[in-house]
Amino acid sequence: MKKKIFKYWKEYKWSNVMAMIKNMREEPKRCDLRFDNKLVVITGATSGIGYYTARKYASMGANLLTINRNLEKSKKLKEEIENEFNVKCDYYIADLSILDNIYNAANYLLYLDTNIDVLIHNAGVFYTKKKITKDGLEENFVVHFLAPFIINNILLDKLNKQKKARIILVSSEGYRFSVWGPDLDDLMFEKNKYSGLKGYGNAKICQILTMHIYSKLLKGPTIIAMHPGTVKTNTGKDNGKTYKLFKSTFIDSFSKTPEISAEALYYLGVSPEMENITDKFFHLTKEEELTPPAKDMEVACKLWDISVKIAKLEGVSLCQKSLLLEEESLA
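Here the sequence shown is numbered in the numbering used here, starting from 821 and rising by one per residue.
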């Protein structure tokens, strides 16, 4: 750990922090192009950012496939979208904190007889206390990181055969809470003390680190991560009274409507200006430089190996990853 601190400390730039603060005050770019008859897949679409994003894409002619854990809310969303916008809105029920559900959802997408034009990994949670899933894994890690990691892995060949597609990870500036990067020996916080911010930051930086590798494995399709702005959502609603009071009094009072996030996600998914843009992090629609630990390809490759084992996936071979790492060093 001391070695990592020394390494990253020299690479940190205060100018990057100031850029982030400046970006908080900016409005996202907007795209007015239609997206008729394209298929957009959104996880966690029955509330918050996912809900407004689904409505935005539908209003521009896109067909939707949403992946949610609540059947009744999914039915209601389908009826609302189809009646109001005259587009198709299907759903698949899956709890993305459970590995079997993640695999089922991924395989459902794999065997669709149509192309996926935009895939938005939006589902999220936030817990102030450590929560363990039925698979024995920390839930922040599974929902924010492992679910997109598995789905992207299973869809890799399908998306490459399509030639074109855009994957958007709804990430967060909260990845910065992992100041010295993920602890690869304790990703589930079995040794170190857990906090909501640590767990959230750990999952988000893992998401970004493996994005770098996926960007090299995708041949035509692109993958990016974005911070959706400071917006009011129901994330964290299952925490205690103290957190709920803090959120409603302080966080929500400074937060904007999730419609801002939806506009950004539409721009990133549709705008011609985003054509062939991959492996980048955006604050809404403004590109930002990542922190040093979020750019560490050596850590990214080690994390990939660990994640493949945790998820029980057949991932990229060590030889392939060595080539990826070599390409990065030559760039």
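The C-beta atom is built at its ideal place from N, Cα and C for all residues, glycine as well.
Item	Value
Count the CB pairs spanning the segment 1033 to 1042 and the segment 1004 to 1020 that are closer than 8 angstroms, and state whether there are at least three.	no
Kindly list the residues whose CB is nearer than 7 angstroms to the CB of N888, restricted to its own chain and excluding five residues on each side of it in sequence; keep chain order.	G864, A865, T866, S894, Y911, I913
Among residues of its own chain, excluding the 5 on either side of N935, which ones have a beta-carbon nearer than 6 angstroms to its beta-carbon?	Q982
By the DSSP assignment, the beta strand (DSSP E) with E1107 in it spans what residues?	1106 to 1108
Would you kindly check if the distance between the Cβ of L930 and the Cβ of L975 is under 8 angstroms?	yes
For the beta strand (DSSP E) that H1047 lies in, which residues bound it at each end?	1042 to 1047
Across which residues does DSSP place V938 in a beta bridge pair?	V860, R986
Can you give me the Cβ contacts of A1084 inside the same chain, cut-off strictly under 6 angstroms, excluding the 5 residues immediately before and after it?	P848, L1104, T1105
Can the beta-carbon of K1154 be found closer than 8 angstroms to that of E1107?	Shown here, the chain extends from 821 to 1151; a query on residue 1154 therefore has no answer.
Mind listing, in chain order, the continuous alpha helix (DSSP H) runs of no fewer than 4 residues lying wholly within the segment 845 to 916?	868 to 879, 891 to 905
Starting from H1103, trace the beta strand (DSSP E) both ways and give me its first and last residue.	1101 to 1103
Would you grab the beta carbon distance between F855 and V1090 for me? Rounded to a whole angstrom, and I think it's under 8 angstroms.	5 angstroms
If you compare alpha carbons, which of D1125, Y1087, Y1034 is closest to M880?	Y1087
How about A882 and V907: are their beta carbons less than 8 angstroms apart?	yes
Pull up the DSSP beta-bridge partners for E958, would you.	I952
Please state the DSSP three-state secondary structure of K842.	helix
With a threshold of 16 other CB atoms inside 10 Å of the CB of I1044, please say whether the residue is buried or exposed.	buried
Cβ atoms of Y872 and P1078: under 8 angstroms apart, would you say?	yes
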